[in-house]
Every structure is written in structure tokens, then in C-alpha cells.
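Participant: When you line the sequence shown up against my numbering, it's residues 504 to 757, in that order.
Using N, Cα and C, we set each Cβ at its ideal position, and we do this for glycine too.
Please read all numbers here as calculations on a predicted model, not as lab measurements.
Sharing a structure, written as C-alpha cells. Questions coming.
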Amino acid sequence: MEILRQKLVNFLDNQLKNSHRKTFILGLSGGLDSAVVLALCSLVKNSNTKAFILPTNSSNSKNLDDALEVANKFKVPTKIINISPIIKAYDENLPPFRLGNLAARVRMSVLYDKSEEFSGVVVGTGNLSERLLGYSTIYGDSACAFNPIGEIFKSELFNFAKFLEIPKSIIDKAPSADLVPNQTDEADLGYSYEVLDSVLKAWYDDGLSFDELKDKFEPNLLNLVENRVKKNSFKLQMPPIAMIRSNSARNSIF
504 MEILRQKLVN
514 FLDNQLKNSH
524 RKTFILGLSG
534 GLDSAVVLAL
544 CSLVKNSNTK
554 AFILPTNSSN
564 SKNLDDALEV
574 ANKFKVPTKI
584 INISPIIKAY
594 DENLPPFRLG
604 NLAARVRMSV
614 LYDKSEEFSG
624 VVVGTGNLSE
634 RLLGYSTIYG
644 DSACAFNPIG
654 EIFKSELFNF
664 AKFLEIPKSI
674 IDKAPSADLV
684 PNQTDEADLG
694 YSYEVLDSVL
704 KAWYDDGLSF
714 DELKDKFEPN
724 LLNLVENRVK
734 KNSFKLQMPP
744 IAMIRSNSAR
754 NSIF
């Protein structure tokens, strides 16, 4: 765990130096992922971290308490900005899925504006399970300058969070994006992260095809993971550009 921590702290340090800025900007939800990233950012020497808590009127107050607790533990300054007025100005009566995506994109818009205000850089807080399953909002919570935990499965983050001494209340509660009332990740995905990650690890880490996994996992689980991975793979790529110019400088740029 110490090796992993140091590797991620070094990653953050290098990325911040390459950005020519000195401040990490991140959204703090009160959940596990952002708490881990907050802890890592706080360990980078000669840097600043600013965390923004961006609830809506329907957000769980427990998450606000947990966000403040972890920020206080790692001595990171925070600011609370309720984004409901922004959502209301557009349309507060959207169906839950669209409302959740809108809230995620509003949050990221606020974070990028704050990065400009404080000459900072937005740090991602999405884990590998979410990335592979496409369980994120494109240009919302998936948007960032760099991400220290994007290669760590969600099921692996729990022990790492204990090592980092993240408050127990955050580690023990059910994962939730808290974008709409009473939402949980497990209810959205149909399985726990431990179960989903068992399939993802066999495919991603062990290099087995989904066909090769048919005898190892029950069909509904395997089909769900395979369909989500294939359907959402576009979220892991930059938007395709129609290349119509002959330009020898292109390779040096891209």
C-alpha cells in the first residue's frame, strides 16, 4: 500500500508541475473516491488543494457531513456551493437520468471555473470500475486534467482508503453518486462492485475474452458487464475528428 501511495503522490506531483500550476481543484462528494483523491493531493509537497462541495437541494445531508469531516482531517479548505439554482434555471423537472447527468455537468463546469479563479487544475476522482463500465457522465464527473485513481478498481479502493485513514463512516456507507434522491451504485448497476470487478479483472487484468469467461460467470452478470463495456467504450476516447488536411505537423501535435 505504501508503494501505491507514493506512486500516486509522485504522479500528482509530476502532473501538477507539468501544468505549471500549484493548486489541485476537486469536487468533494463525501464518497470514497473523492476522499481518497483528497488525501493523496494533501500529501503532495509545495502544492495547494481546494475542495468544493457541490450539493443539490435533494443531496443527502450525511454526505455533506462526511465531506466536511474528511476535508478537516486532511486540513484542506472547502467551499460549499449549492448548484440547485443553476439546475432550476434550466429545468428542474427532468426525468432522473437526465437530471443526474445535468447535475454532473454543472458540477464540472463549476470546478473548471474555480480552476481558472485559483490558477488550479481539476483532478479526476473516477475509479477503474466506473471507467470500464461507462458508469459516469461524459464531460461531467469523467472530465478532468488527470486522474490518480483511474487504474484502481472500486473494490480495491476500500482497503487503500483504510490505509490512508479515510474516516470509517465514508468507507462503510453504500457508494452513491448522490445526483438524485435515494440513488445507490449497486441499484443502478445491478451488482456490487466486488462482483462486477471479479469479471472486469478477469477481462482487463488477465486478458481473457468475454467468450473465454462464459464458463466462469453466470450469464446475466457476464452479459451485463460485456454490454456496458462495449456500449460505453466511446467514453474512454477523444472525439473522432474527420482528418481532411495533409499536414506533416499533425503527428507531432497528436
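Given this structure, state the Cα-to-Cα distance separating LEU531 from GLY629, to the nearest angstrom.
Facilitator: Straight-line Cα distance between these residues: approximately 12 Å.
Participant: Is TYR696 closer than 9 Å to LYS657 when the C-beta atoms are compared?
Facilitator: Result yes, Cβ atoms of LYS657 and TYR696 sit closer than 9 Å.
Participant: Can you tell me whether VAL547 is helix, strand or coil according to DSSP?
Facilitator: coil
Participant: For PHE649 and LEU519, what's the separation of their Cα atoms in angstroms?
Facilitator: 9 Å
Participant: What residue range does the beta strand (DSSP E) around LYS676 cover?
Facilitator: No beta strand (DSSP E) holds LYS676; DSSP gives it neither H nor E.
Participant: Have a look at VAL613, LEU614, TYR615 and ILE590 and flag the residue whose alpha-carbon is nearest the alpha-carbon of GLY603.
Facilitator: ILE590
Participant: Report the residue from CYS647, PRO598 and ILE584 whose alpha carbon sits nearest the alpha carbon of LEU739.
Facilitator: CYS647
Participant: Is DSSP giving LYS576 helix, strand or coil here?
Facilitator: helix
Participant: Mind checking whether GLY533 and ALA680 have CB atoms under 9 Å apart?
Facilitator: no
Participant: Just to confirm before moving on: does the CB-CB distance between ASN551 and GLY623 stay below 9 Å?
Facilitator: yes
Participant: Helix, strand or coil: how does DSSP classify GLY530 here?
Facilitator: strand
Participant: Use the C-beta contact count for SER639: other C-beta atoms within 10 angstroms, 16 or more gives buried, fewer gives exposed.
Facilitator: SER639 comes out buried.
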